[in-house]
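Protein chains in written order, with our numbering: chain P, 1 to 150; chain X, 1001 to 1608; chain Y, 2001 to 2101. Beta carbons are placed, not taken as given, at the ideal position from N, Cα and C, and that holds for glycine.
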Amino acid sequence: MLLDDVISVVIFLSAFSTGLYSITTEKPVRSIMAAGAALWLVSLAYWHLGSFSLALMQLSIAVGALVIIGLSSVQSFEEKIVRGDVAAVLAVTLVVLLTPWVLALRFYEDITTSINVNLSSYFPVFVLIHGLLILAGSIVAVLLVRGWRE
Amino acid sequence: MDSVWLIFLSPAIGSALSLILSPIKKRRIIEAIAVISSLISVFTSAELFFLRAPLLNSPAFIQMLSGPIAPVLMVDKLSALMSFVVALVSFLIVVYSIGYMGEDPSYIRYYSLIQLFIAGMLGLVLSGSFLYLYLFWEVVGLCSCLLIAHWYEKPEASRAGVKAFIVTRFGDVMLLTAISLIYLQVGDLRYDVVSLHLGSLPSSFISMTMLLSLGGAFGKSAQVPLHVWLPDAMEGPTSVSALIHAATMVKAGVYLVARLVTLSLEYGSVDIVALSGFSQVLLWIGSITAFLAATMALVTYDIKRVLAYSTISQLGYMFAGLGAFSSVPFSEAIFSSMLHLTSHAFFKALLFMGAGAVIHATGTRDMREMGGLRRSMPITSTAFLLGAIALSGIPPMNGFFSKDAIMEVVMSASPFIYTLLLITAVLTPFYIFRAVLMTFFGEQKRHAHEASISMTLPMIILAASCFITPSITSFMLENNPLAGFSVDITTALFSISAVLLSLVLFYLSYWRGLRLELAFARKILEKGYYFDDLYIRVLMPVFRTVMSGISWGVDRVLDALSYRIADQANRFGNFLREIHTGMISHYVAAFSLGLIILLAMALGVMLT
Amino acid sequence: MMLLVYTLMSAVLVAVGIFGLASRGNAAKILISIELLSSGAVGLVFFPMLAISRSFVFSQSLMILFLSVDGVTLGITIAVLLMAVKRSETGDMNKLNELRG
């Protein structure tokens, strides 16, 4: 299964680099975003393995962490949010939120016939979670765009 | 309780009582206590001497409680004799003290110490175990030093007391070593147990132990080289000198040696060959001391120092007599020595009492300040003269018989030693009659009156007793009152010739102006053969340097040790302190490091 | 092979997380380091478990549990750090090296 190996290596390298970047960079917002990206990649790894529930869990952790940390850091550091940061946050959030949705759409049969978990009965939950995540992400995006200041 | 215990307990109680009753500032009461307590000793020891001891064939052990360290007394002929003599002379001196120390303000201290001393001495001779022997030995030494320094306001007196203590200490340490060795080998210190085991011990051990205890004996009895304390001890009151340094304490060394000889030869079964070195040392040290001390007595002007040197010399005779035990039957050696011991105790006490009376009357000890006291102190001068005659060994005084006994046994031991003692016998009359001449004859330089009855009565009693002491001794030791008076013709002739020679020389020197040119030797003699200088100028600085060197080294080591240890601990603490930065990231790094190490260890464990 | 790579990735994430915690940083950095750390720790347990046993269900359930705990930890940590940052003037956590306040 060469493809699997290649995918896993790619995910590995990406996660490594983003994680490293997140802790070495000076800017708080960027480090948070990079961490979010790393965690999203981990979630992809779980998805790749076929453990969808875990992937979703990881994803929720990632997004939730991102949101809260981002909000609080904005509040704490009173950093001026520059447009580039907003764009980055938006992009990442969207990607994070949409990826599983797309993947689920694409691999629906595989999901339901996966050897591991019979996910069919959880599908509504799946949708619900993603819906909430999208909602939260939109709020964040709006706030960021508006340049929310305390 | 057996009455024997009272012999030494009575003065001990008297001593304590004198101290307890000290708030009552009545001199007569304290004096009475002393007299009564010593009188009780006299009576109880007389009872022992006359009634019980002659019946003894083997020593009697009287023990209180039981066990190896319980108080135990041993009564045999030797200890019965010693205790009687000591008790009697002590009593007479206590009576004498009433007159001599009549105006001394520190009488309480004096009488309590004197009684403590008497108790110690009597305990020493009656003791049945080396433990108590040593205990009383120390008591006696202590009282001696304290009494020497009785007039401690005089710096010479306190120096003399310290000197006596330190010099005898050397001997005491050796004695203690010997006793410890005995204990280590035998496991018990009682005389009966020790004498049982003595025969089975290796002879090298026995001779070493004996020689060590000789160190103690020589210290207490002021033999060369530990004799230096006795002449200086004359700074004390004359009654003290009479008691301690003439009649009793200095005899303790002789008693110790006699006791050791009886324990090993009479009651134990020690091979006499093992003790040959011991006897040689006794002979040589005894005779050399006798000779040297007699020479030193020739040049001194202090009347008490003459008597002090004389005591040292006569003690040398006693040791020499004891040392003959390997050549003659040991009972003869002991008998001769004891004979001289008792004779000397009486006539020397007599001489000291006379000297004390003279000092008390004239206020000086220097014989050059005295003269012609014969007229103003008739009783004293007669008594002193009788003592001088006894010391010189002129018949029919006791000195003649006792000296002859010693010469007899010594001649069988070694002719050379005999000759040395004979020469000393020539010197002895010379120095004592010189003292007599300077003190009692010639023109009177200072006013003097006769001594009080409390001083003269003991002198008279002692003078009278001098005629019968040989009988007392031989009654006890040989069961025959007349044995003490027997003499060997050869030695008797030699002795009498020696005395005559001495008297002739004396006459020639002082009446015909024959001056033997001794100027070259005078300095040496006056300096006491430079023994004192040796000790003070040579040995003490060496000691001090060595000791200060050792203490400097020890200080350095200890300081370095403690300082370095403390410093290291400090540094380590500082180092540890810097780990606590308070910064979270440091802590994280630290415990993640620990975590990695733990994981590695777990991994290692798993892999093996 | 795949599992090996993913195990390695989790280990790397753990290392990165520790590194982030151990080095100087502000509160946000600490938080994300914790996140990365715990995600990596979950992965570190999950992937080898998959390699060893075939019980996928159990593994997944376990990991879900761990991840939820991780979320709780996050919430508390955020609260604490927020308070700390508010109390002190700076966001530099290393300045909080005294117990005072």
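Proximity test, Cβ basis, 7 Å: residue i and chain X
| i | result |
| --- | --- |
| Ser2023(Y) | yes |
| Ile2018(Y) | yes |
From the options, residue whose alpha carbon lies closest to that of residue i
| i | options | result |
| --- | --- | --- |
| Ile1432(X) | Ile1062(X), Glu1408(X), Val1546(X) and Thr1311(X) | Thr1311(X) |
| Leu1147(X) | Phe1084(X), Phe1347(X) and Tyr1111(X) | Tyr1111(X) |
| Phe1346(X) | Ile1406(X), Ile1244(X) and Arg1375(X) | Ile1244(X) |
| Ile1069(X) | Ala1589(X), Leu1048(X) and Gly1187(X) | Gly1187(X) |
| Ile1468(X) | Leu1212(X), Ala1451(X), Val1085(X) and Ala1246(X) | Val1085(X) |
| Gly1161(X) | Tyr1152(X), Leu1175(X), Cys1145(X) and Gly1171(X) | Cys1145(X) |
| Tyr1609(X) | Leu1283(X), Met1438(X) and Ser1083(X) | Nothing about residue 1609(X) can be reported from this structure: the residues present for chain X run from 1001 to 1608 only. |
| Ala1589(X) | Gly2043(Y), Leu2081(Y), Ser2033(Y) and Ala2028(Y) | Ser2033(Y) |
| Ile1536(X) | Phe1136(X), Ile1179(X) and Val1228(X) | Val1228(X) |
| Ala1425(X) | Met1459(X), Phe1291(X) and Leu1457(X) | Phe1291(X) |
| Met1583(X) | Val2014(Y), Met2083(Y), Ser2023(Y) and Val2005(Y) | Ser2023(Y) |
| Gln1185(X) | Met1174(X), Leu1176(X), Leu1198(X) and Cys1466(X) | Leu1198(X) |
| Leu1500(X) | Ile1389(X), Leu1373(X) and Lys1445(X) | Ile1389(X) |
| Trp1511(X) | Pro1541(X), Gly1442(X) and Tyr1529(X) | Gly1442(X) |
Any C-beta of chain Y under 7 Å from that of residue i
| i | result |
| --- | --- |
| Ser1585(X) | yes |
| Asn118(P) | Only weak support is given to the placement of Asn118(P): the predicted model assigns it a pLDDT of 47, under 50, and the value that follows is read from those uncertain coordinates. Judged by the 7 Å Cβ criterion, Asn118(P) is not in contact with chain Y. |
| Ala1602(X) | no |
| Val9(P) | yes |
| Ser14(P) | no |
| Ala1589(X) | yes |
| Thr113(P) | Since pLDDT at Thr113(P) reaches only 47, below the 50 mark, its modelled position is unreliable, and no value is offered. |
| Ala37(P) | no |
| Ser1592(X) | yes |
| Ile1597(X) | no |
| Ser17(P) | no |
| Met33(P) | no |
Whole-Å CB distance - residue i paired with residue j, under 8 Å assumed
| i | j | result |
| --- | --- | --- |
| Leu1214(X) | Val1281(X) | 6 Å |
| Leu1073(X) | Val1140(X) | Between Val1140(X) and Leu1073(X) the Cβ distance is about 16 Å, and since that is not below 8 Å, they are no contact. |
| Thr1979(Y) | Leu2031(Y) | It is not possible to answer for residue 1979(Y), since the shown part of chain Y is limited to 2001 through 2101. |
N- and C-terminal bounds of the alpha helix (DSSP H) containing residue i
| i | result |
| --- | --- |
| Leu1019(X) | Val1004 to Ile1020 |
| Gln1280(X) | Ser1276 to Ala1297 |
| Trp1151(X) | It is not in any alpha helix (DSSP H) - Trp1151(X) carries neither H nor E in the DSSP assignment. |
| Ser2039(Y) | Ala2027 to Ile2052 |
| Gln1568(X) | Met1540 to Arg1577 |
| Asp1404(X) | Asn1398 to Ala1413 |
| Leu1243(X) | Neither: Leu1243(X) is in no alpha helix (DSSP H) and is coded neither H nor E. |
| Gln1115(X) | Tyr1107 to Leu1126 |
| His1340(X) | Phe1330 to Thr1362 |
| Tyr1309(X) | Ile1303 to Gly1323 |
| Ile1272(X) | Note, Ile1272(X): premise wrong, no alpha helix (DSSP H); not H, not E. |
| Arg1169(X) | Pro1155 to Val1186 |
| Phe1050(X) | That residue, Phe1050(X), is in no alpha helix (DSSP H); it is neither H nor E in DSSP. |
Below-7 Å beta-carbon distance, residue i vs any chain P residue
| i | result |
| --- | --- |
| Leu2049(Y) | The sequence shown places Met at residue 2049(Y), rather than the Leu named in the question. Cβ-Cβ to chain P under 7 Å: no for Met2049(Y). |
| Val2072(Y) | no |
| Ala2028(Y) | yes |
| Val2012(Y) | yes |
| Ile2064(Y) | yes |
| Leu2037(Y) | no |
| Met2001(Y) | yes |
| Val2069(Y) | no |
| Ile2076(Y) | no |
Residue i - containing beta strand (DSSP E), residue span
| i | result |
| --- | --- |
| Gln1063(X) | Ala1060 to Gln1063 |
| Met2002(Y) | That residue, Met2002(Y), is in no beta strand (DSSP E); its alpha helix (DSSP H) goes Met2002 to Ala2022. |
| Met1074(X) | Val1072 to Val1075 |
**Message:** Does the contact criterion of 3 or more C-beta pairs under 8 Å hold for the stretch 1109-1126 of chain X versus the stretch 1010-1028 of chain X?
**Reply:** Touching, yes, given that three or more Cβ pairs across the two stretches are closer than 8 Å.
**Request:** Mind the definition here: the stretch 1093-1107 of chain X touches the stretch 1019-1036 of chain X only if three or more C-beta pairs lie below 8 Å; say whether that holds.
**Result:** Yes, they touch.
**Message:** Could you check whether the stretch 1293-1306 of chain X touches the stretch 1424-1439 of chain X, counting it as contact only if at least three pairs of C-beta atoms, one from each stretch, sit closer than 8 Å?
**Reply:** The answer is yes - the stretch 1424-1439 of chain X touches the stretch 1293-1306 of chain X, with three or more Cβ pairs under 8 Å.
**Request:** Determine, using beta-carbon pairs with one atom in the stretch 1048-1063 of chain X and one in the stretch 1476-1487 of chain X, whether at least three such pairs fall under 8 Å.
**Result:** Contact holds: three or more Cβ-Cβ distances are below 8 Å.
**Request:** Taking 8 Å as the threshold, find out whether the stretch 1439-1458 of chain X comes into contact with the stretch 1342-1362 of chain X through three or more Cβ pairs.
**Result:** Under the 8 Å Cβ criterion, the stretch 1439-1458 of chain X counts as touching the stretch 1342-1362 of chain X, having at least three qualifying pairs.
**Message:** Would you call the stretch 1037-1049 of chain X in contact with the stretch 1085-1095 of chain X, where contact means no fewer than 3 C-beta pairs closer than 8 Å?
**Reply:** Yes, the stretch 1037-1049 of chain X touches the stretch 1085-1095 of chain X.
**Request:** Say whether the stretch 1123-1138 of chain X touches the stretch 1148-1159 of chain X, bearing in mind that this needs 3 or more beta-carbon pairs closer than 8 Å, one atom from each stretch.
**Result:** No: fewer than three Cβ pairs fall under 8 Å.
**Request:** Could you tell me whether the stretch 2039-2046 of chain Y touches the stretch 26-46 of chain P, using the rule of 3 or more Cβ pairs below 8 Å?
**Result:** Yes, they touch.
**Asked** Between the stretch 1404-1421 of chain X and the stretch 1327-1342 of chain X, do three or more beta carbon pairs fall short of 8 Å?
**Response** Verdict: yes, contact present.
**Prompt:** Between the stretch 1554-1572 of chain X and the stretch 1317-1326 of chain X, are three or more C-beta pairs nearer than 8 Å?
**Reply:** Contact fails: fewer than three Cβ-Cβ distances are below 8 Å.
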